[in-house]
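Numbering (the numbering used here), first residue to last: 1 to 72.
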């Protein structure tokens with residue numbers, strides 16, 4: 001554990017996964033996000049889990065307007 005100071009950089013970590021297929025990479029990312037623990041500050045982990053579960057995202061059927069159209 002690292003103690004996050006009150007004036008922290010909003011990007012406290014990067015989570016990167018790799019796999020042979022998009023499907024496997026998404027499954028790995030979902031698992032990694034579900035296992036990630038960050039305490040004491042609000043994170044975007046729940047949003048990223050919802051994105052990984054989105055059917056359009058999973059199919060790769062999205063554009064630069066994805067977040068505008070995403071129902072979260």
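All residues carry an ideal CB built from backbone N, CA and C; glycine is no exception.
Keep in mind it's a predicted model, so treat the numbers as computed, not measured.
query                                                                                           : result
Span of the alpha helix (DSSP H), counted from its first residue to its last, around residue 36 : Counting along the chain, residue 36 falls outside any alpha helix (DSSP H), and DSSP gives it neither H nor E.
Where the alpha helix (DSSP H) containing residue 6 begins and where it ends                    : Here residue 6 belongs to no alpha helix (DSSP H), and DSSP marks it neither H nor E.
Extent of the continuous alpha helix (DSSP H) run through residue 48                            : 45–53
C-alpha distance - residue 44 paired with residue 69, whole-angstrom precision                  : 18 Å
Extent of the continuous alpha helix (DSSP H) run through residue 67                            : 66–69
Coil, strand or helix - residue 14 by DSSP                                                      : coil
CB contact flag (residue 29, residue 52, <8 Å)                                                  : yes
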